[in-house]
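A.B. asks:
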Amino acid sequence: MEREPASCEEGEAVNASGAVGALAFRESAQQTKLTWGPYLWFHMLRAATSTLSVCDFLGEKIASVLGISTPKYQNAIDEYYRMKKEEEEEEEEEENRMSEEAERQYQQNKL
Numbered sequence: 001m002e003r004e005p006a007s008c009e010e011g012e013a014v015n016a017s018g019a020v021g022a023l024a025f026r027e028s029a030q031q032t033k034l035t036w037g038p039y040l041w042f043h044m045l046r047a048a049t050s051t052l053s054v055c056d057f058l059g060e061k062i063a064s065v066l067g068i069s070t071p072k073y074q075n076a077i078d079e080y081y082r083m084k085k086e087e088e089e090e091e092e093e094e095e096n097r098m099s100e101e102a103e104r105q106y107q108q109n110k111l
């Protein structure tokens, strides 16, 4: 059973996944051709960027565990919104109470 040639979209997907492997192979082939100076510089730079990435990641995790990344006045902001909501509910209750009272007076005057 013969397989049909891949269409452009399928070919692009195959090339995209295979490109990573080809790039890694090409990079390793180029490393073997470097002289000592550029070779050491390449590995030093690669180690430095990896170390920086790890430190950045760990710093973010430690800050979130210690609560350093939370806003300083978040509790004051939450309290403000809670009080505002309570005031709105009280105003709504007052309006409902007044409308009920007005309805009762209207019903009494109607009779």
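According to UniProt numbering, the sequence shown is numbered sequentially starting from 1. Note that the Cβ used here is the ideal one computed from N, Cα and C, for glycine as well.
#1: Considering only the beta carbon of each residue, do S69 and A76 sit closer than 9 Å?
#2: Tell whether a beta-carbon distance below 9 Å holds between F42 and L34.
#3: Return the CA-CA distance between D56 and L66, expressed in angstroms with no decimal places.
#4: For K61, decide whether its Cβ has a neighbour in chain C, counting only Cβ atoms nearer than 9 Å.
#5: Roughly how many whole angstroms lie between the Cα atoms of Y80 and E93?
#6: Assign P71 to one of three DSSP states: helix, strand, or coil.
#7: Alpha carbon to alpha carbon, what distance is there between R82 and R104?
C.D. replies: So, from the listed chains and residues:
#1: Contact flag unset, no.
#2: With a cutoff of 9 Å on beta-carbon distance, F42 and L34 are scored as near each other.
#3: Each residue's Cα considered, the two are about 15 Å apart.
#4: The chain inventory of the structure shown lacks chain C, comprising one protein chain alone.
#5: Cα to Cα, Y80 sits roughly 20 Å from E93.
#6: Three-state DSSP puts P71 in coil, outside helix and strand.
#7: Between the alpha carbons of R104 and R82 lies a distance of about 33 Å.
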